[in-house]
Amino acid sequence: MNTASRSENTARNIGVGAVRQVLTLLLAFAVRTVFVRRLGADYTGVNGLYSNILAMLSLAELGVGNVLVYSLYAPLHRGDAGEIQHLLGYYRRIYRLIALAVALLGAAVIPFLPLIISSELPMAQLTIYYVLYLANSVASYLVIYKTTLIQADQKAYLQNMVSAAALVLQYAAQIACLLIWGSYLGYLLIQIACTLLQNAVLSHLADKMYPFLRKKQKHEPMHRKQELNDNIRSMFLYKLATILINNTDNILISVMLGTVFVGYYSNYASLTTYVTTFVSIVITGISASLGNLNAEKNSEKSYTMFRNLIVLFGAITGFCVAAYGAVVQDFIPIWVGEEYLMDTGTVAAVLFTFYLSTIVAPVWMYRETLGLFRQMKYVMFMTALVNILLSILLGHFFGVAGIIGATGLARLCTIFWYEPKVLFHRTFRRSAAAYFKVQGGLLLLNGAVMLLSLLLCARMGHTLMWIILKGITCAAVTALLYTLALGRTAEYHWMLEKGRSFLRKWRKKA
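Going by numbering that gives the first Met the number 0, the residue at position 59 of the sequence shown is 58; the numbering climbs one at a time, nothing skipped.
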């Protein structure tokens, strides 16, 4: 089991994750650039649409993985190999059922593809592409229970290293395939092969790190089985609603406006995904250590850390929104061509939705590491319902911008205020008023960051070098305004010290 300190594990996980993401991000940009230029908007739209459809069928993300991570924190903290083995055996059986369910549900969608897709591409080809997408999704579940153990044991950096190697191989092969043959079929087959390769390597790594996984499991009753099943059901409902919120946009755009518009929007969505992935590196790097901290059942220490994380993610969100807003309309023409530019309203809707989903990251990090699954399950369905209704209404009047902005509005009306209220009441045993006051202050501060960044960047050019300078400017503005506004607070000093500690550790390793 992991014996390193929480801060060491966090620094290592974030550092390796950042290196992985920079490397794969550069290749991902290259792949998407070649994809768009070689295959065009129709294939780009189909690719984005299939991603959303399969995400809605990704039952492995409908709570099982989150509950598994949560259930492993305590036995890992105690070093209880027996309980870990029983938990993983139980979840292995569940994931096999999930893989079968995804395959069956995915197959059931095939007759409805002509109703969802509005494209000039032959339907027979589109069906083959969909089946390959489905096969890749099913393959991703084969060893996920083992990779979850690595993550829960605060060793996500190992998973990131394997993932980075597999993605580099995949992207390089896909670029070659697109440049030489221009084949979407080959592109998908390479994706499946690399998924299987990554699964095999991670499975071998987990078996080597945790030898007890290879031992024959004794069939003993699990005392926590009912609790785990209750948590899985609750998290299943929560994640199902989350997927309905996050993955219906492309489907609605395709049905209401045409699949080609999915191709235009998916470039902006890809950039948002890349930014979100960087944020996720921080979340993943912290989450296992946070789960370890919360396993100590010290509410005061937990609350202090929560306050620190609110400010940290406030700064991260402020910078990301300002930088995205300052450079995206310059970057799209350079990247995929001026014909893929969308209106300012769509950009504003993307930023609005991104802000509301990222600024609350500490709330759902605590929700998952504390196991607050049952308390949150129904509010997400309300959010999903509001999102779909608003998307249809606003999409009719405002097009793509209305559909994207509806997701942010749905969050604001429901989970943005409800989840913190439950967390404070059940865990911190205090009013959430202070939290909302801090969020209000961060909104004003990030608004100032955005305004000043845009004013300064408006005076700059539009070449790649100017885009880089704009990003640096946004980072400098964020650092300056946060220092002026929060420089005397304990949360700011914690954030500064963690940054210095992170750099010191990585200099030593370098």
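We treat Cβ as the ideally placed atom computed from N, Cα and C, and that holds for glycine.
Treat the numbers as computed from the prediction; the structure is a model and nothing was measured.
Euclidean distance between Cα positions of residue i and residue j
i       : j       : result
Tyr-144 : Val-66  : 11 Å
Trp-363 : Thr-357 : 10 Å
Val-18  : Phe-353 : 23 Å
Leu-187 : Leu-443 : 45 Å
Glu-496 : Thr-477 : 17 Å
Ile-109 : Leu-96  : 21 Å
Ala-409 : Thr-247 : 13 Å
Ala-447 : Leu-454 : 11 Å
Ile-250 : Tyr-89  : 35 Å
Val-21  : Phe-260 : 29 Å
Leu-112 : Ile-191 : 21 Å
Ala-405 : Ile-387 : 8 Å
Val-278 : Ile-315 : 8 Å
Arg-232 : Lys-214 : 29 Å
Pro-210 : Ile-467 : 47 Å
Thr-417 : Gly-313 : In the sequence under discussion, the amino acid at residue 417 is Tyr, which differs from the Thr named in the question. Each residue's Cα considered, the two are about 19 Å apart.
Phe-397 : Thr-345 : 9 Å
Arg-439 : Gln-124 : According to the sequence provided, residue 439 is Gly. The question's Arg does not apply to it. Spanning the two alpha carbons is a distance of roughly 50 Å.
Phe-501 : Thr-241 : 33 Å
Lys-207 : Gln-153 : 16 Å
Met-375 : Lys-420 : 11 Å
Asn-46  : Leu-133 : 12 Å
Asn-135 : Ala-98  : 11 Å
Tyr-129 : Tyr-49  : 7 Å
Leu-87  : Ala-151 : 12 Å
Tyr-94  : Gly-407 : 32 Å
Tyr-377 : Leu-56  : 20 Å
Ala-107 : Val-274 : 33 Å
Val-335 : Gly-181 : 16 Å
Ile-333 : Leu-463 : 8 Å
Ala-457 : Tyr-156 : 39 Å
Arg-428 : Ser-298 : 9 Å
Backbone secondary structure at residue i - three-state DSSP
i       : result
Gln-20  : helix
Asn-246 : coil
Ala-59  : Residue placement at Ala-59 cannot be trusted, given a pLDDT of 48 that sits under 50; the coordinates are not used to answer.
His-461 : coil
Lys-154 : coil
Trp-493 : helix
Asp-342 : coil
Leu-502 : helix
Asn-206 : Here the sequence assigns Asp to residue 206, which means Asn is not the residue at that position. Correct three-state label for Asp-206: helix.
Ile-471 : helix
Ile-229 : Reading off the sequence, residue 229 comes out as Asp, not Ile. Residue state, collapsed to three classes: helix.
Thr-482 : helix
Ala-106 : helix
Thr-275 : helix
Arg-429 : coil
Arg-37  : helix
Thr-488 : coil
Gly-336 : coil
Leu-25  : helix
Lys-214 : coil
Gly-257 : coil
Pro-419 : helix
Neighbourhood of residue i by C-beta distance below 7 Å, restricted to the same chain and skipping five residues each side
i       : result
Leu-292 : Arg-5, Lys-300, Ser-301 and Met-304
Val-33  : Ile-174, Leu-177 and Leu-178
Ile-189 : Gln-169, Ala-172, Gln-173 and Cys-176
Val-437 : Ile-309
Ser-430 : Phe-423
Thr-126 : Ile-109 and Leu-112
Leu-204 : Leu-157 and Val-161
Same chain, Cβ closer than 6 Å to residue i, five either side skipped, listed in chain order
i       : result
Gly-324 : Leu-350
Asn-307 : Glu-490 and Trp-493
Leu-485 : Tyr-491
Gly-44  : Thr-258, Val-259, Val-261 and Gly-262
Leu-141 : Asn-198
Pro-74  : Glu-82 and Ile-83
Cut-off 8 Å between Cβ atoms - residues of its own chain near residue i, not counting five sequence neighbours on either side
i       : result
Leu-196 : Ala-165 and Leu-168
Tyr-170 : Thr-23, Leu-26, Ala-27, Ala-29 and Val-30
Phe-318 : Val-448, Cys-473, Ala-474 and Thr-477
Gly-470 : Ala-322, Ala-325 and Val-326
Ser-253 : Gly-44, Leu-48, Ile-115, Ile-116, Ser-117, Phe-260 and Val-261
Ile-244 : Met-379, Thr-382, Ala-383, Asn-386, Thr-406, Ala-409 and Arg-410
Any chance you could list the alpha helix (DSSP H) runs of at least 4 consecutive residues sitting entirely within the stretch 354-413, in chain order? 360-368, 376-397 and 399-412
Quick one: which unbroken alpha helix (DSSP H) runs of 4-plus residues sit fully inside the stretch 127-201? Chain order, please. 143-151 and 155-179
Curious, which full-length beta strand (DSSP E) runs of at least 3 residues does the stretch 69-119 contain? none
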